[in-house]
Amino acid sequence: MLYNVSQLLMEPTGSTRRFQLDEPVPSATAPENPATGRATGNVRILRTHHGLLVNATVNVQVQDTCARCLVPYDRRSTLALEEECYPTVDPATGRNMSPPDEAEGVVHIDTRQMLDLSDVLRQYLLTDQPLKTLCRRDCRGLCQECGADLNTEKCKCDAPAIDPRWGALAALKTENPAPP
Ligand SMILES: [Zn+2]
Ligand SMILES: [Zn+2]
9 MLYNVSQLLM EPTGSTRRFQ LDEPVPSATA PENPATGRAT GNVRILRTHH
59 GLLVNATVNV QVQDTCARCL VPYDRRSTLA LEEECYPTVD PATGRNMSPP
109 DEAEGVVHID TRQMLDLSDV LRQYLLTDQP LKTLCRRDCR GLCQECGADL
159 NTEKCKCDAP AIDPRWGALA ALKTENPAPP
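The working numbering applies: residue 9 is where the sequence shown begins, and numbers increase by one.
This is the structure we're talking about:
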């Protein structure tokens with residue numbers, strides 16, 4: 009996600025560039041495999057007084073593993089990115105520039121005026137990661153006894169699938185049977 013913004017930085021405030029985005033992104037549950045996900049969308053870069061304002065709408069499709077039934081599934085979401093970026097080198101004079109105080113050290117434009125949005129996208133992807141990845145809201149999960157996928161089969165055990173959150177309570181109940 010590298011964009012050459014040297015021309016844009018020479019242009020007056022208000023100038024814009026638009027780019028199409030189509031990038032592989034790593035799966036949240038298998039970050040070592042970058043080929044499993046895809047980010048597509050539109051990037052708009054606006055020349056501001058101090059730097060560049062990046063706006064992007066990114067459609068993300070990543071492969072996750074369901075936390076209940078352990079089956080891989082495609083998760084889709086749409087991210088709205090907004091990030092202000094500052095040059096490290098003055099485009100006109102070639103002198104080193106320090107970004108304004110509010111930039112908090114976030115600089116995504118290198119000395120060759122290449123804008124790198126990979127880190128920005130990574131941040132947004134992390135924030136977008138759900139606490140619990142579910143293939144669908146009412147996923148029935150696996151049988152606690154035999155491990156059968158209860159979405160696709162009805163196993164022979166009577167044991168109802170226990171939500172792991174209630175597992176500790178269920179154990180307590182068996183340890184302390186109610187007095188007759
Ligand atoms: Zn599932
Ligand atoms: Zn079972």
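Ideal placement from N, C-alpha and C gives every residue a C-beta, glycine not left out.
Note that the structure is predicted; figures quoted are calculated from it, not measured.
**Study point:** Three-state class that DSSP yields for V190 in the structure shown
**Key:** Since the first and last residues shown for the chain are 9 and 188, residue 190 lies out of range.
Exercise for review: Please work out which residues of its chain come closer than 6 Å, Cβ to Cβ, to N67, disregarding the five sequence neighbours upstream and downstream, and give them in chain order.
Suggested key: T48, G49 and T86
Practice item. Below 8 Å on the Cβ atoms is my guess for L78 versus L150; work out the distance and round it to an integer in Å. Key: 7 Å
Point to revise | A64, buried or exposed, once every other Cβ within 10 Å from all chains shown has been counted against 16 | key: Counting other Cβ atoms within 10 Å of its Cβ, A64 reaches 16 or more and is therefore classed as buried.
Check your understanding: ligand 3 heavy atoms versus the CB of A156: any closer than 7 Å?
Key -> Absence of ligand 3 from the depicted structure is noted, with ligand 1 and ligand 2 being the only ligands included.
Exercise for review: Could you work out which residue in R26, H58, R148 and Q121 is closest to G102 when comparing CA atoms only?
Suggested key: Q121
Exercise for review: From the DSSP output, read off the bridge partner residues of N104.
Suggested key: Its beta-bridge partners are V97.
Exercise for review: Could you work out which residue in P20, Y11 and Q69 is closest to R52 when comparing CA atoms only?
Suggested key: Among P20, Y11 and Q69, the Cα nearest to that of R52 belongs to Y11.
Check your understanding: H57: buried (16+ other C-beta within 10 angstroms of its C-beta) or exposed?
Key -> Its Cβ having fewer than 16 others within 10 Å, H57 is exposed.
Point to revise | Proximity test, C147 beta-carbon vs ligand 2 heavy atom, cut-off 7 Å | key: Incorrect: C147 has no Cβ contact closer than 7 Å to ligand 2.
Review point. If you draw a straight line from the C-alpha of L139 to the C-alpha of Y132, how long is it?
Key: 15 Å
Exercise for review: Give the C-beta separation of E117 and V13 to the nearest angstrom, bearing in mind that I take them to be a contact with Cβ-Cβ under 8 Å.
Suggested key: Looking at the sequence provided, one finds Ile at residue 117 rather than Glu. I117 to V13, Cβ: 6 Å. Contact.
**Study point:** Option in D157, C165 and D166 with minimal Cα separation from C74
**Key:** D157
Point to revise | Residue(s) in a DSSP beta bridge with V33 | key: G45
Check your understanding: Since T73 sits in a beta bridge, which residues does DSSP pair it with?
Key -> P80
Review point. Looking at L17 and P95, is the spacing between their C-beta atoms short of 8 Å?
Key: Using a Cβ distance threshold of 8 Å, P95 and L17 count as a contacting pair.
Review point. Within the present structure, is the beta-carbon of R76 separated from the nearest heavy atom of ligand 1 by less than 7 Å?
Key: In this structure, R76 has its CB closer than 7 Å to one or more heavy atoms of ligand 1.
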